[in-house]
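Numbering (this note's numbering), first residue to last: 2 to 327. A short worksheet on the structure shown next.
And the structure:
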C-alpha cells in the first residue's frame with residue numbers, strides 16, 4: 002500500500018518536520034489535498050510537525066475555500082530545515098517559482114500528483130504517488146485515507162470534495178470512480194449543495210473584459226474538422242480559454258505577457274481528446290515550456306506553460322504543434 006510506503010519513509014528518515022508545498026497560484030485541488038494530507042499525517046505520525054505553503058500565494062477560489070475551512074498556510078516555509086519535502090498537485094519543482102532554488106538536491110522528497118509525470122521529478126523523488134487517470138490530487142489523497150483506514154474529518158472531507166469539484170469542472174468530466182468517491186464523501190456528512198456554493202464566486206469585471214478581448218482577438222485554425230482558437234490577453238488566460246470553449250471552439254490556446262514573462266493556457270473539449278488522443282499537458286504545454294525556456298505541463302484537457310519570449314512566436318509554435326499532432 003502506498004500509505005504504508007509513506008509512513009515507512011517518514012520512519013526511515015526519522016523525520017521531525019515535513020513541509021507540504023503547492024504550485025504557484027495554488028488552486029482548490031492543491032490546497033484541499035495538502036490540508037487533508039496534513040491531517041492524515043498528523044494522525045498516523047503525531048510526532049511529525051507539518052506545515053503547508055503555496056508558492057506565490059493561492060487562487061481566488063482557494064482563498065474563498067480557506068475562508069470557509071480552518072486551512073492555515075505559512076508565508077515562510079522552513080524549506081531548508083525540512084526532513085521531508087512533499088509536493089502536492091505539483092509535478093516539478095519549477096512550479097514553486099523562487100522556492101525551487103531553496104530545495105537541496107539531496108533533500109528527501111515525496112510527490113503526490115495526478116498530472117502527466119515529469120521525468121526529472123520521478124528521478125528526484127524518494128517516493129511518488131502518481132496516477133494520471135484520477136480526476137484530481139484530492140482523489141489520490143482520499144485513496145490514502147482509505148488505505149490507512151482513517152475517516153476524514155468533516156473539514157477534511159469538505160476540502161477533498163471542493164478540490165475534486167474544482168478539477169472536474171463541477172463533476173462534468175468526473176469518472177465513475179470519482180463519483181463513487183464523491184458519494185462516499187457525501188456519506189460522511191458533506192452537504193453537496195451547500196459546500197459547492199463556496200466555489201460559486203461572481204466573475205469580476207476585469208475577468209469579463211479579458212474574456213471579451215480574447216474573443217475579439219481570436220484566430221481560428223481548422224484542422225480535420227476541429228476548431229482551434231488562438232488568442233492573447235494580459236491576464237485571466239485560463240478563464241479566457243474556458244470562455245472560448247463555451248463559444249464553440251474544440252480547443253482554446255490563450256497567451257499573455259507580463260513583466261517579460263509569458264503565460265499560456267490550454268483547454269480542450271473531451272471529444273477532442275478522445276478522438277485525437279492529443280494531450281494538452283504532454284503533447285503541447287510540455288514542449289512549449291521548453292521552447293519558451295521555462296516549463297509546461299498539465300492534464301489531458303487543461304494545461305499551462307510559461308517562460309520568456311514573444312507572444313506571436315509562442316502562438317505560431319503552438320500552431321505547428323497542432324498541425325504535427327493532427
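Glycine is no exception: its CB is placed at the ideal position from the N, C-alpha and C atoms.
In this structure, residue 22 lies near residue 89, with their beta-carbon atoms less than 9 Å apart. Within the DSSP bridge table, the entry for residue 26 names no partner. Taking one beta carbon from each stretch, the stretch 4-11 and the stretch 53-73 have fewer than 3 pairs nearer than 8 Å; the two do not touch.
DSSP lists 228 as the beta-bridge partner residues of residue 223. Between residue 310 and residue 294, the C-beta spacing is below 9 Å. Between residue 280 and residue 303 the beta-carbon gap is near 11 Å, outside 8 Å, which marks them as no contact. Cβ-Cβ distances below 8 Å link residue 207 to 236 and 237 in the same chain, with the five nearest sequence neighbours on each side left out; the list follows chain order. For residue 148, the enclosing alpha helix (DSSP H) covers residues 138-149. According to DSSP, residue 19 shares a beta bridge with 51 and 85. Minimum Cα-Cα distance from residue 214 among the listed residues 49, 244 and 323 corresponds to 244. The criterion of a C-beta distance shorter than 9 Å is not satisfied by residue 112 and residue 143. Looking from the CA of residue 289, the closest CA among 319, 77 and 18 belongs to 319.
Apart from the 5 residues on each side of it in sequence, residue 266 sits with its Cβ closer than 6 Å to the Cβ of 238, 239, 242, 255 and 305 in its chain, given in chain order.
Of all alpha-carbon atoms in 191, 199 and 125, the one lying nearest the alpha-carbon of residue 62 is that of 199.
By the beta-carbon neighbour count (other beta carbons within 10 angstroms, threshold 16), residue 210 is exposed. Here DSSP, grouped into helix, strand and coil, assigns residue 277 to helix. Taking residue 126 as reference, the option from 105, 145 and 194 with the minimal CA-CA separation is 105.
Residue 296: member of the beta strand (DSSP E) spanning 296-299, first to last residue. No residue range can be given for residue 79, since it is assigned to no beta strand (DSSP E) and is classified by DSSP as neither H nor E. Between residue 171 and residue 197, the C-beta spacing is below 9 Å. Secondary structure at residue 69: helix, using DSSP grouped into helix, strand and coil. Counting along the chain, no beta strand (DSSP E) covers residue 282, and no H or E run does either.
Selection 307, 321, 248 and 227 evaluated against residue 275 yields 227 as nearest (Cα-Cα). Setting aside the 5 residues that flank it on each side, residue 259 is surrounded in the same chain by 235 and 236, each with a C-beta closer than 8 Å to its C-beta; the list follows chain order. Annotated as distal: residue 249 and residue 157, with beta-carbon spacing of 9 Å or more. Residue 27 sits close to residue 59, with the two beta carbons spaced by under 9 Å. Taking a 10 Å sphere around the C-beta of residue 32, we find 16 or more other C-beta atoms and assign the residue as buried. For residue 5, the enclosing alpha helix (DSSP H) starts and ends at 3-14.
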